[in-house]
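In my numbering, the protein residues as written are 2 to 151.
Dropping the structure here:
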């Protein structure tokens, strides 16, 4: 960018971004140590699970290609669960998936089908209960019923 490394012109207010790439790329003015970009009310949040962002109701970003369903969440009030998500290292469902795999691949005792189903059900339960557990909200039109997941 031609403005990179340049000081902002004198007529720019102190809180006005001078050097921006545009088209959704946000950054700080050079030398601004504040820590977050000036993206204001346009922070991308990719759903409530696992990030704890705003619920993603599949709002299509008009700038995305037709083959991509991308969402941009415009923040109003409280943004979803305010980032109270998780970065799981290991979930109980993972254990059941590995036990099922070990049963098949190594000949360990157990019912691989039952272990796989237990893992799948634990994973679905975790995702469906997650918003309430962290104080987030969802759109009921997008929440599967128990019939949908059986």
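C-beta: ideal position from N, C-alpha, C; glycine also. Note that this is a predicted model, so its numbers are computed, not measured.
Do you know offhand how far residue i's Cα is from residue j's?
i, j, result
"residue 108", "residue 100", "11 Å"
"residue 53", "residue 92", "17 Å"
"residue 152", "residue 12", "The chain is shown from 2 up to 151; residue 152 falls before or after that span and cannot be answered."
"residue 1", "residue 113", "No statement about residue 1 is possible, as the shown extent of the chain runs from 2 to 151 and does not include it."
"residue 141", "residue 6", "49 Å"
"residue 95", "residue 4", "49 Å"
"residue 14", "residue 8", "12 Å"
"residue 138", "residue 84", "13 Å"
Just mark residue i as buried or exposed, buried being the case when its beta carbon has 16 or more other beta carbons within 10 Å.
i, result
"residue 97", "buried"
"residue 49", "buried"
Going by the CB atoms, is the gap between residue j and residue i shorter than 8 Å?
i, j, result
"residue 87", "residue 51", "yes"
"residue 1", "residue 125", "Outside the modelled stretch of the chain, which goes from 2 to 151, sits residue 1, for which no answer is possible."
"residue 82", "residue 120", "no"
Which residue comes first and which comes last in the alpha helix (DSSP H) that contains residue i?
i, result
"residue 113", "113-135"
"residue 12", "Segment: none, residue 12 is in no alpha helix (DSSP H) and carries neither H nor E."
"residue 99", "93-107"
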